[in-house]
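Asks: Below: one structure in structure tokens.
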Amino acid sequence: MSALPKAGVPRLMIAAVRSSAAPGRAAVQQLRAHSSAAASTAGTAPRTTMAATAAAAAAALGVAVAGSTFFLYGASSQSRTLHCEASSGAATAKGSNYAYSYSKDGKSGTSSNRSSGRAGAPDISHLNLSDINDPSKPMRVRMETYVKELQHRIVTTLGAEEVEGQFIVDSWLRKEGGEGISCVLQDGKTFEKAGVNISVVHGKLPPAAIRQMSADHAGLQERTSYNFDGPNAEVDGLPFYAAGLSLVVHPANPFAPTVHFNYRYFELTHPPKLKDGSPNPRYEEAKAKGTEQEPVAWWFGGGTDLTPIYLFEDDAKHFHQTLKTAADGNDPAFYPAWKKWCDDYFLIPHRKERRGVGGIFFDDLTLPDSTASMSSSSKSIAQRTSFIPLSDGKKGAAAAARGPITSSQQHSKESLFRTVRSMGDAFLPAYLPLIQRRKSTPYREAHERWQALRRGRYVEFNLVYDRGTKFGLQTPGARIESILMSLPLKARWEYMEKWSGAGWDGVDPAEREGSQEAKTQKVLRDPKEWI
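For reference, each letter of the sequence shown is one residue, going 1 to 531 in full-length UniProt numbering.
Here is the structure:
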């Protein structure tokens with residue numbers, strides 16, 4: 001039977017929150033009451049009004065998008081600036097230290113925080129975009145500029161695909177050092193939920209965190225060459241800097257795929273003083289050379305992956321081919337290793353299936369000697385080149401049996417930054433055609449049910465297995481809204497569900513063969529090469 005167009009559904013207006021002079025808990029509670037009343041009389045409507053409540057709460061309180069590593073979460077923010085466009089009226093309210101304002105009839109609002117711009121997209125007019133391509137600038141400046149420009153580009157482009165809402169721009173400050181800008185759209189016609197977040201944070205990384213990170217970064221503690229433990233500990237931590245962009249998009253249409261990506265840069269530097277308060281000789285030596293800001297250790301990480309609800313092979317092939325083309329332009333060895341790592345990382349072990357059809361995933365992308373002491377080399381970090389070890393995610397005996405993987409050409413920090421930018425720039429060409437192709441496909445309630453079941457799997461992976469989510473939930477003072485932003489608005493679990501649950505064994509083989517759901521499940525259980 002062919003799919004039928006979905007009936008129109010009344011939407012809950014959130015003007016009450018948008019026109020409030022002080023949007024907050026009372027407004028959200030009032031909206032929830034209206035939502036509950038509407039839900040009790042909307043039995044024939046296939047969409048829940050809870051989504052509108054979530055959108056209103058987001059508009060009133062501000063949300064952020066989760067990243068895949070701990071530093072993207074930031075911490076409880078001291079202040080933030082929230083921008084959204086009011087449907088009627090105008091209001092200005094004050095946060096902790098910053099004012100935020102709404103606009104009316106197309107008139108521009110004002111803000112005391114330069115990081116927040118007009119409704120719908122963050123302001124980047126203060127950025128010097130030439131810094132991105134200037135090797136004389138510190139990498140932290142170049143990466144920060146790049147992720148802010150990319151965020152603006154993505155939010156503007158995705159926003160143009162949405163006709164019933166726009167991104168809320170929520171800027172926040174981290175009291176320990178740094179900032180973030182979260183752009184969130186909820187309960188739209190094209191996007192049920194979309195979040196695009198950047199974080200630029202800095203501070204002191206304590207020894208416990210360095211030890212924990214060493215597990216995923218090949219002996220980081222030893223290679224920084226500091227003693228962190230015992231009565232003879234030299235330092236009580238190292239200065240760190242991290243910048244990254246993270247995105248999750250859950251489309252409204254079940255035939256349009258969910259997508260996730262994040263790209264990030266992390267560095268550690270010498271502390272000016274040792275634990276006992278005396279000058280740090282390594283810092284002083286670097287300062288004499290004018291290299292005190294060059295990191296002791298640094299790396300890039302990231303990835304992009306696709307999670308279709310219903311599998312369209314042409315979509316998966318286009319997505320992978322776009323990523324492969326971008327990766328091959330920097331090194332042909334990148335895509336095969338990173339594709340395998342992505343397939344393995346997004347495995348849901350208790351389901352014996354992947355979260356989606358993969359993409360790429362990588363971490364610890366650095367030069368082999370990047371953590372060496374600056375005094376051990378006459379070359380600056382920017383001048384060093386080397387073949388670099390690659391990983392497909394395997395460790396221990398599995399990695400030993402596979403043998404080493406290396407790049408096919410020598411790389412510098414500059415070429416690795418260029419690689420990360422290539423992959424970030426490939427996101428819109430990889431994903432936008434899929435949204436444009438599928439966002440208006442007619443669908444029925446049965447398709448929404450399957451969408452909710454598949455999103456239940458998304459929730460399972462993120463809460464049970466994702467390293468960044470687990471780390472964030474265990475971190476005191478973390479922004480919970482940021483951590484949970486990756487989750488969909490709606491998800492479903494059914495007992496003995498026949499396509500993806502334990503009911504599979506009872507399905508007639510002939511029925512399996514003709515099922516779109518079974519086709520999707522087959523690929524999730526047995527990843528394939530798409531190109």
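Every residue, glycine too, gets a C-beta built ideally from N, C-alpha and C.
Only a predicted model underlies this, so the values are computations on that prediction, with no experimental measurement involved.
1. Just mark Val249 as buried or exposed, buried being the case when its beta carbon has 16 or more other beta carbons within 10 Å.
2. Between which two residues does the alpha helix (DSSP H) holding Phe191 run?
3. Near Leu365, what residues of its chain come up, given a Cβ to Cβ distance below 7 Å and the 5 sequence neighbours on each side ignored?
4. Using the C-alpha atoms, what's the distance from Pro433 back to Pro527?
5. Where does Arg525 sit, in a helix, a strand or coil, going by DSSP?
6. Does the distance from the CB of Ile210 to the CB of Val147 come in under 9 Å?
7. For chain D, find out if any of its Cβ atoms is closer than 9 Å to the Cβ of Ala397; answer yes or no.
8. At what residues does the beta strand (DSSP E) containing Gly403 begin and finish?
9. Could you tell me whether the Cβ atoms of Gln521 and Glu353 are closer together than 9 Å?
10. Give me the residue from Ile348, His350, Gln321 and Pro349 with the minimum Cα distance to Pro336.
11. Counting C-beta neighbours from all protein chains within 10 Å, is the total for Ala252 16 or more, i.e. buried, or is it exposed?
12. Excluding the 5 residues preceding and the 5 following Arg492 in the sequence, name in chain order all residues of the same chain whose CB lies nearer than 6 Å to its CB.
13. Given 8 Å as the limit, is there contact between the stretch 435-447 and the stretch 477-486, that is, 3 or more CB pairs closer than that?
14. Does DSSP classify Lys519 as helix, strand or coil?
15. Closest to Thr419 by C-alpha separation, out of Ser125, Ser214, Lys275 and Thr325, would be which residue?
16. Do Gly203 and Phe167 have their beta-carbon atoms positioned less than 9 Å apart in this structure?
17. Leaving aside the five residues before and after Thr157 along the sequence, list all residues of the same chain whose C-beta is less than 7 Å from its C-beta, in chain order.
18. I need the boundaries of the beta strand (DSSP E) containing Ile435, first residue and last residue.
19. Sort out for me which residues DSSP pairs Asn262 with in a bridge.
20. Considering only the alpha carbon of each residue, which of Pro122, Gly244 and Pro207 lies closest to Val184?
21. Just tell me which of Gln409, Glu285 and Gly159 has its CA closest to the CA of Thr190.
22. Assign His152 to one of three DSSP states: helix, strand, or coil.
23. Which two residues bound the contiguous beta strand (DSSP E) that contains Leu185?
24. Taking three-plus beta-carbon pairs below 8 Å as touching, is the stretch 262-276 in contact with the stretch 230-248?
25. Straight-line CA distance for Ile435 to Trp341?
26. Where does residue 602 land, buried or exposed, given buried means 16+ other C-beta within 10 angstroms?
27. Helix, strand or coil for His350? Go by DSSP, reduced to three states.
28. Taking the alpha carbon of Gly165 as the point to measure from, which residue in Ile405, Ile388 and Ala194 has its own alpha carbon closest?
29. Going along the chain, which residues of its own chain have a beta-carbon closer than 7 Å to the beta-carbon of Leu524, five neighbours each way excluded?
Replies: Taking the structure as given:
1. It is buried - the Cβ of Val249 has at least 16 other Cβ atoms within 10 Å.
2. Bounds of any alpha helix (DSSP H) do not take in Phe191; it lies within the beta strand (DSSP E) bounded by Phe191 to Leu205.
3. So the qualifying residues of the chain are Trp299, Phe300, Gly301 and Leu416.
4. Their Cα atoms are separated by approximately 23 Å.
5. Helix, per DSSP.
6. In this structure, Val147 does not lie closer than 9 Å to Ile210 by Cβ.
7. This model lacks chain D altogether, as it is built from one protein chain only.
8. Segment: none, Gly403 is in no beta strand (DSSP E) and carries neither H nor E.
9. In this structure, Glu353 lies closer than 9 Å to Gln521 by Cβ.
10. Answer by Cα proximity: Gln321.
11. Counting of Cβ neighbours within 10 angstroms places Ala252 among the buried residues, the total reaching 16 or more.
12. Excluding residues within five positions, the ones whose Cβ falls inside 6 Å are Ala452, Leu453 and Gly456.
13. Touching, no, given that fewer than three Cβ pairs across the two stretches are closer than 8 Å.
14. In the structure shown, Lys519 sits in a helix (DSSP, three-state: H, G or I).
15. Between Thr419 and the set Ser125, Ser214, Lys275 and Thr325, the nearest pair of CA atoms involves Thr325.
16. Going by C-beta atoms, Phe167 is not nearer than 9 Å to Gly203.
17. Here the set comprises Leu428 and Leu432.
18. Per DSSP, Ile435 belongs to no beta strand (DSSP E); it is in the alpha helix (DSSP H), Phe427 to Arg438.
19. Looking at the DSSP output, Asn262 bridges to Ser246 and Gly303.
20. Check the Cα spacing between Val184 and each of Pro122, Gly244 and Pro207: the tightest is with Pro122.
21. Put simply, of Gln409, Glu285 and Gly159 the residue whose alpha carbon is nearest the alpha carbon of Thr190 is Gly159.
22. His152 falls in the helix class under three-state DSSP.
23. In the DSSP assignment, Leu185 falls within the beta strand (DSSP E) that extends over Gly178 to Gln186.
24. Yes, the stretch 262-276 is in contact with the stretch 230-248.
25. Rounded to the nearest angstrom, the two C-alpha atoms are 26 Å apart.
26. Residue 602 cannot be examined here, being either before or after the span of the chain that is shown, 1 to 531.
27. Reduced to three states, the DSSP call for His350 is coil.
28. Per the Cα distances, Ala194.
29. Within the same chain, Leu524 has close Cβ partners Glu353 and Arg354.
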